[in-house]
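To keep things clear, I will list the structure first and then write my remarks on it.
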Amino acid sequence: MTFLPFLISGLGIGAVYALSGVGLVILFRATGVLNFAFGAFGAIGAHCAWQLLEWKMPLAVAIPAAVVVSTAISFLYGRIFAPMLSHRDTVVRAVGTLAPALVLIALMGIIWGELPRRLQFPTDQMFVSLFGVRLTYTRIIAILLAVVMVGAITLLLNRTRLGLDMRALANDRDLSAILGVRILYTETAAWVITGIFSGFAGLLLADLVRLQGTFLTLLVIPAIAAAILGQLRSLWETAVAGLLIGIAEAALTPVGWISPYRAAAPFIIALVAVTILGSTAKAVLKDR
Amino acid sequence: MRIDMRGLVIGLGLTLFSAFSAHAAASCGDNNGKAATGEPIVIGAITGKTGPDDFSNSTRAANAYFDCLNANGGIKGRPVKYLVEDDQWNPETAAQLAAKLVNDEKAVLMVGNSSFVECGANADFYKKSGILVVAGVGVPRECFFAENYAATNAGPRVSTLGAMGYALDQLKAKSVVCIGPNIPNVGTWSCDGIKSLAKEKGFTAETILMDPGTADSTSIILQAAASKPDVIILGLPKGVTIPLLTAAEEQGLNQTIKFLSAASAYDLSVPGTIGAGWDGNFYVNMEFNDLEAATPDNQNWLAVMDKYGQSSDPRDTFAQAGYLAARIAEKALMSLDPKDITRESTSAAIRQVKGFASDIFCAPWYFGDGQPRHNANSTTRMAVSEGGKWKVISDCAPSPDPELADIRAFEKSAGLAP
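Read top to bottom, the protein sequences are chains C and G.
Note that our numbering has the first sequence beginning at 13, numbered continuously upward.
Note that our numbering has the second sequence beginning at 1245, numbered continuously upward.
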């Protein structure tokens, strides 16, 4: 059996993992928060899009609305709750994001139930055939969007004042404050940017995977795996890692003995990444 | 504002009409409208409510029926005290709860159980304690291979093979791929049934076991389509079935391959969710009658749910299963002297249940006295997705599951089947 069709089928989801991973890394670089609620932010936006489409609103309204909702929730958390935890440990700040995730899961369960919905875009019906597999335009859009957004964020970080402030914050929060970096402003901007990423990722995952609150929330795990492979620093490495995780999961399908367990691939990749990268980081520290 | 009297009268008339015509009045027990006041009869149940999924619809329906029964004379004046416990999908909890209900609460019978884990955890305990279980929804193999445990539903394997029978007879399938979850005694059990039927009938069959938590449905569908089957049979929870169908439609496979499913996908919202692309292409097996059937028993179930259940309780096949389990228990208990309702007398009465007929079942239900295992519901119908609804498309047909040989032999010897 050839692996090629599975490489193609893994590309789409891999691209969304990449997008999600990059969204996580941006926030982590600027604020030091690993956002476990990333998936939930995206999921609630996607549910809103589904609801608007159910109410016969045009797609041109539903998509921006989803991104706006995800971004708004991310903004509210980043502006109101995140600053209260800003002087705590990285772990506490990360665990803090579990609270909005759980609240949003419950909210989605109450409003929309647990049976998966189906979010469809017209691009699902358009496709190119590669190796006997249909690569839908939605998947192609996911790949392009990942590339474009990573490019845009790289430019933002390297060429703008906001980007400079973010990089400064990432290096040393207290020193940046003394130097006059507007901390709250910069951190809130990072929450808005990660919100936009979560909005797009949520929409695409809802279309490609399934529109179900709990499930989409948990898809933050492969994104975290990608972010860890990018050492929570490099956007391009994170993007490539996300893509590879998606492909790895798909490519294990035809391998009979491991196929039923392939959904564990992102977890195992994350575990291996933490073990290896963790020890190299320690080695680097020793050298100093 | 001027009140339009004519409009008001018509409106009132329509409201009354709809109230009376929606469902007939609920009918339970002696149907005498007198509340039972005697010493309660303790009946227990274990269900998986909190956990990966809520399986408690069966006990909710049984509870509604027992409330209706208690409001209508109970068991010859004695009310049923129905104690439902949540095993949280944890076998250890299930075992503790069984001990509590059987040893501490002195339950005489268990009714409407619906759990993924408790059959395996408690089957031996029930046998040792001499208590019988008329379960609602059994899922893994253990629920259908225990001496004291009999469910009203058909179970995933019998249901999957019911779908296979339809694929062979009506769709003339020559090759099939069975997709099941990689959960021990569930996915393999169902798909192994397809394999052994394939050997017997001479068609080709392949099995794919999948992690229900996978995000990548497209790869599963591509793997299934690689062997170019006539039909693909899904034995999966509905939450996993929908993404697989979506992925199949994306690959255009809904136009070339017929898809069938076990009863797990038989939910009223599924046809609307999967959309028009599946009209006439997605078939499900039904363990019970159409949820909206206008037949007397089915209407009584809906009426009981309306009057004694919560409006939020789902009207689904799980609820049908629980309602039937409660009715079977009622029938057995009514045959006893109300002063002598003990675990022993109740068990003896349940063992005698033969030919329990309901239009929700295809064939009469029985306990199977002296049988080491039970699977009385093995005759099922099929429905197809069409225009956002299910359309029933077949008469009741026996499941061709080869593993049912002992059950069929017993039915013949006991005069339960021709």
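Yeah, the Cβ is synthetic: ideal placement off N, Cα and C, and Gly gets one too.
Does the beta carbon of residue i sit closer than 7 Å to a beta carbon anywhere in chain C?
{"i": "G:L1453", "result": "yes"}
{"i": "G:T1448", "result": "no"}
{"i": "G:Q1499", "result": "no"}
{"i": "G:T1259", "result": "Note that G:T1259 scores a pLDDT of 47, beneath 50, so its modelled location is shaky; the value from the coordinates is reported in the next line. No, no contact with chain C."}
{"i": "G:A1459", "result": "yes"}
{"i": "G:L1546", "result": "no"}
{"i": "G:T1490", "result": "yes"}
{"i": "G:G1273", "result": "no"}
{"i": "G:L1512", "result": "no"}
{"i": "G:A1263", "result": "Because the pLDDT of G:A1263 is 45, which lies under 50, any placement of that residue in the model is unreliable, and the question is left without a value."}
Short of 7 Å in beta carbon distance, which residues of its chain neighbour residue i, apart from the five on each side in sequence? Order them along the chain.
{"i": "G:S1265", "result": "In this prediction, G:S1265 has a pLDDT of 45, which is less than 50 and means its spatial position is unreliable; nothing more can be read from the coordinates."}
{"i": "C:L297", "result": "Confidence is the limiting factor: at C:L297 the pLDDT is only 46, short of 50, which leaves the residue's position unreliable and the question unanswerable from this model."}
{"i": "C:G285", "result": "The displayed chain sequence assigns Ala, not Gly, to residue 285 of chain C. Within the same chain, C:A285 has close Cβ partners A237, I240, L241."}
{"i": "C:L64", "result": "V73, A74, A77"}
{"i": "C:N183", "result": "none"}
{"i": "G:G1277", "result": "N1316"}
{"i": "G:A1570", "result": "A1306, Y1309, F1310, V1355, G1356"}
{"i": "C:V145", "result": "P17, I20, S21"}
Using DSSP's beta-bridge definition, name the partner residues of residue i.
{"i": "G:D1220", "result": "The structure shown does not extend to residue 1220 of chain G, since chain G spans only 1245 to 1662, so no value can be given for it."}
{"i": "G:G1382", "result": "G:S1359"}
{"i": "C:V145", "result": "C:L142"}
{"i": "G:F1600", "result": "G:W1609"}
{"i": "G:T1623", "result": "G:P1642"}
{"i": "G:I1477", "result": "G:C1422, G:L1504"}
{"i": "G:M1454", "result": "G:P1425"}
{"i": "C:R129", "result": "C:L223"}
{"i": "G:K1635", "result": "G:V1628"}
{"i": "G:T1337", "result": "DSSP, once it has assigned bridges, lists no residue as partnering G:T1337."}
{"i": "G:M1354", "result": "G:G1288, G:V1377"}
Check the Cβ-Cβ distances between residue i and every residue of chain G, and say whether any is below 7 Å.
{"i": "C:V28", "result": "no"}
{"i": "C:G108", "result": "no"}
{"i": "C:S141", "result": "no"}
{"i": "C:A113", "result": "no"}
{"i": "C:P17", "result": "yes"}
{"i": "C:G135", "result": "First, the residue type needs correcting, since residue 135 of chain C is Thr and not Gly in the sequence shown. Taking Cβ atoms only, chain G never reaches closer than 7 Å to C:T135, which makes this a no."}
{"i": "C:T206", "result": "no"}
{"i": "C:A154", "result": "no"}
{"i": "C:E249", "result": "no"}
{"i": "C:A118", "result": "no"}
{"i": "C:E261", "result": "yes"}
{"i": "C:I281", "result": "no"}
With a CB to CB cut of under 6 Å and the five nearest residues on each side skipped, what residues in its chain are close to residue i?
{"i": "G:F1666", "result": "Here chain G has residues from 1245 to 1662 only, and residue 1666 of chain G is not among them."}
{"i": "C:V162", "result": "V34, L247, A251"}
{"i": "G:K1633", "result": "P1515"}
{"i": "G:A1315", "result": "A1279"}
{"i": "G:N1544", "result": "S1271"}
{"i": "C:F40", "result": "L46, L244"}
{"i": "G:S1302", "result": "G1356, S1358, G1380, V1381, F1562, A1565, G1566"}
{"i": "G:S1300", "result": "T1291, K1293"}
{"i": "G:G1273", "result": "L1313, N1316, G1317"}
{"i": "G:T1337", "result": "D1331"}
{"i": "C:G258", "result": "G22, I25, G26, Y29"}
{"i": "C:R105", "result": "V45, L97"}
{"i": "G:G1257", "result": "Residue placement at G:G1257 is flagged as unreliable, the pLDDT there being 49, under the threshold of 50; the coordinate-derived value follows with that caveat. Around G:G1257: no qualifying Cβ."}
For residue i, which residues in the same chain have their Cβ closer than 8 Å to its Cβ, ignoring the five residues on either side in sequence?
{"i": "C:L147", "result": "I20, L23, G24, F139, V140, S141"}
{"i": "G:I1375", "result": "V1346, A1351, V1352, L1353, M1354, N1392, R1587, S1591"}
{"i": "G:I1585", "result": "I1285, I1319, R1322, V1352, L1577"}
Three-pair Cβ contact test at 8 Å for the segment 1429-1439 of chain G versus the segment 1399-1416 of chain G: Yes: at least three Cβ pairs fall under 8 Å.
Mind listing, in chain order, the continuous beta strand (DSSP E) runs of no fewer than 3 residues lying wholly within the segment 1396-1430 of chain G? Listed in chain order, they are 1419-1425.
Entirely enclosed alpha helix (DSSP H) segments - the segment 183-218 of chain C, minimum 4 residues: Fully enclosed alpha helix (DSSP H) runs of 4 or longer: 185-190.
Would you call the segment 1605-1625 of chain G in contact with the segment 1300-1312 of chain G, where contact means no fewer than 3 C-beta pairs closer than 8 Å? Counting Cβ pairs under 8 Å, fewer than three are found: no touch.
Kindly provide the ranges of any alpha helix (DSSP H) runs that are 4 or more residues long and lie completely inside the segment 1480-1554 of chain G, ordered along the chain. 1482-1494, 1514-1518, 1540-1552, all fully within the segment 1480-1554 of chain G.
At least three beta-carbon pairs within less than 8 Å, the segment 91-98 of chain C to the segment 218-228 of chain C: Contact fails: fewer than three Cβ-Cβ distances are below 8 Å.
Could you tell me which whole alpha helix (DSSP H) segments of length 4 or greater appear in the segment 215-252 of chain C? Taking 4 residues as the shortest admissible run, the segment 215-252 of chain C contains the following complete alpha helix (DSSP H) segments, listed from N- to C-terminal end: 225-230, 232-241.
Considering only residues of the segment 77-114 of chain C, which uninterrupted alpha helix (DSSP H) runs meet the minimum length of 4 residues and lie entirely inside it, listed in chain order? Taking 4 residues as the minimum length, the alpha helix (DSSP H) runs contained wholly in the segment 77-114 of chain C are 102-108, in order along the chain.
Runs of 4 residues minimum, wholly inside the segment 1298-1332 of chain G: which ones carry the alpha helix (DSSP H) assignment? Residue ranges of uninterrupted alpha helix (DSSP H) with 4 or more members, entirely inside the segment 1298-1332 of chain G and ordered along the chain, are 1301-1314.
Evaluate the contact criterion for the segment 1474-1485 of chain G versus the segment 1500-1514 of chain G: three or more CB pairs, one atom per stretch, below 8 Å. Cβ pair count under 8 Å is three or more, so yes.
Per the contact definition of three or more C-beta pairs closer than 8 Å, is the segment 103-120 of chain C in contact with the segment 46-59 of chain C? Yes, since at least three Cβ pairs between the segment 46-59 of chain C and the segment 103-120 of chain C fall closer than 8 Å, the two stretches touch.
Are at least three pairs of beta-carbons, each pair with one atom in the segment 1583-1600 of chain G and one in the segment 1462-1476 of chain G, less than 8 Å apart? No contact exists between the segment 1583-1600 of chain G and the segment 1462-1476 of chain G.
Touching by the beta-carbon criterion (3+ pairs, under 8 Å), the segment 1410-1430 of chain G and the segment 1646-1655 of chain G: Not touching, per the Cβ criterion.
Is it true that the segment 1319-1335 of chain G meets the segment 1553-1561 of chain G, where meeting means three or more beta-carbon pairs spaced less than 8 Å apart? The segment 1319-1335 of chain G is not in contact with the segment 1553-1561 of chain G.
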